[in-house]
Amino acid sequence: MLGDEPITRAYDINADYWISLVRSGADPYQQEITDPALLAAIGEVEGLHILDAGCGEGYLARRLETLGAAQVTGIDTCRAFVDAATAAPTQRCRFLHADVADIPLLDSSMDLVVVNRLPNGLTRPGRRYHEFARLLRPGGRLICIGQHPCFYTARSERTPADSGDAPAAEYFDGRIVQQHFSVGGQLSPAPTVQKLYSLEEYLGMITGAGFVITRIREPRPTTDQLRTDPQWSLLVQRPLFLLVEAKIM
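Under my numbering, the first residue of the sequence shown is numbered 67, with each subsequent residue one higher.
Right, here's the structure in full:
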């Protein structure tokens with residue numbers, strides 16, 4: 067089994083669930099918060115060679131292809147995701163069953179690496195960033211979006227910001243978050259498994275691989291979203307996501 071066994075096993079069990087959610091557009095966080103923030107950070111992709119690290123069923127790779135990328139390579143440890151991505155018609159996308167900690171691609175072959183809500187590693191968590199640095203050409207960019215290391219806990223999207231925070235010792239030591247996901251009344255068959263590291267440790271993994279961080283954002287509902295759709299005041303009780311942009315020099 068590729069990757070960290072508890073994480074990969076959970077994705078294997080939940081594969082059909084995630085594929086259905088993504089292809090139906092049922093996840094409001096993805097549709098209205100994380101994807102818009104990620105695509106805004108990515109910007110112009112015309113002619114770029116891009117790695118979609120933790121590609122899932124390939125929706126982002128296909129989107130980047132339509133935006134003009136020269137080639138998008140998606141990798142994932144979940145075989146069912148890779149099979150689903152490969153089965154979808156594309157012209158300039160390819161998908162590999164591989165681990166982000168050991169990527170079977172040539173040095174300096176990418177212009178951009180995108181990491182879209184990929185769980186942190188349980189073992190060798192910093193290894194992936196060295197792999198990304200190896201793959202990027204000088205000046206190449208890394209864009210990562212994921213759960214906020216400071217605030218995310220199980221069911222934290224519905225937990226008031228003044229309660230349920232991780233104790234300091236747990237925060238600095240790193241914490242495992244296991245939870246079933248529920249989207250639109252659909253419950254994931256198995257709990258997902260994630261490990262969250264302190265902000266200091268997480269950013270240190272990135273800079274320790276030779277990256278220079280150029281921008282940090284915390285994607286959240288806009289003022290207009292909060293005004294026009296009351297659900298967001300209930301669904302986002304605290305910062306849930308962190309987006310990091312970095313460059314290899």
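Cβ coordinates follow ideal geometry from the N, Cα and C atoms, glycine included.
So, is residue i buried or exposed, given that buried needs 16 or more other C-beta atoms within 10 angstroms?
i    : result
V278 : exposed
G212 : buried
T139 : buried
A234 : exposed
D295 : exposed
E131 : buried
I242 : exposed
Q260 : buried
R281 : exposed
D118 : buried
E123 : buried
L25  : Only positions 67 to 315 of the chain appear in the structure, and residue 25 is not among them; the question remains open.
T273 : exposed
D70  : buried
T47  : The chain is shown only over 67 to 315; residue 47 falls outside these bounds and no answer can be derived.
T74  : buried
A312 : buried
M176 : buried
Q87  : The question names Gln, yet the displayed sequence has Leu at residue 87. The residue is buried, with at least 16 neighbouring Cβ atoms inside 10 Å.
Relative to the C-alpha of residue i, which residue among the options is closest?
i    : options                   : result
I116 : I282, G270 and R207       : R207
P287 : A81, Y95, A150 and D70    : Y95
Y218 : Q303, A119, R89 and L87   : Q303
A136 : P155, T294 and L178       : L178
G250 : D239, L301 and V243       : L301
P155 : A127, V180 and R145       : A127
G276 : F198, I209 and E236       : F198
Y83  : M315, M271 and P255       : P255
S174 : C216, I272 and R200       : R200
R193 : L184, F238, M271 and R293 : M271
I141 : N182, G109, D101 and A106 : N182
G205 : A81, T100, L114 and S264  : L114
H214 : G134, L184, C144 and L68  : L184
A107 : V88, H196, S90 and I209   : I209
G134 : G91, C159 and D149        : C159
G240 : N186, Y263 and L202       : Y263
Could you name the residues that DSSP lists as bridge partners for residue i?
i    : result
F307 : Q213
The alpha helix (DSSP H) with residue i in it runs from where to where?
i    : result
D239 : A234 to D239
Quick one: give me the first and last residue of the beta strand (DSSP E) that residue i is part of.
i    : result
T139 : Q137 to D142
Unbroken beta strand (DSSP E) runs of length 3 or more, entirely within the segment 146-209: which are they? List check, beta strand (DSSP E) in window: 159-163 and 176-182.
Which runs of the beta strand (DSSP E) fall wholly inside the segment 246-303 and span at least 3 residues, in chain order? If we require 3 residues or more, the beta strand (DSSP E) runs fully inside the segment 246-303 come out as 258-262 and 277-283.
Starting from the N-terminal side, write out each stretch of the alpha helix (DSSP H) that is 4 residues or longer and does not extend beyond the segment 73-126. 101-108, all fully within the segment 73-126.
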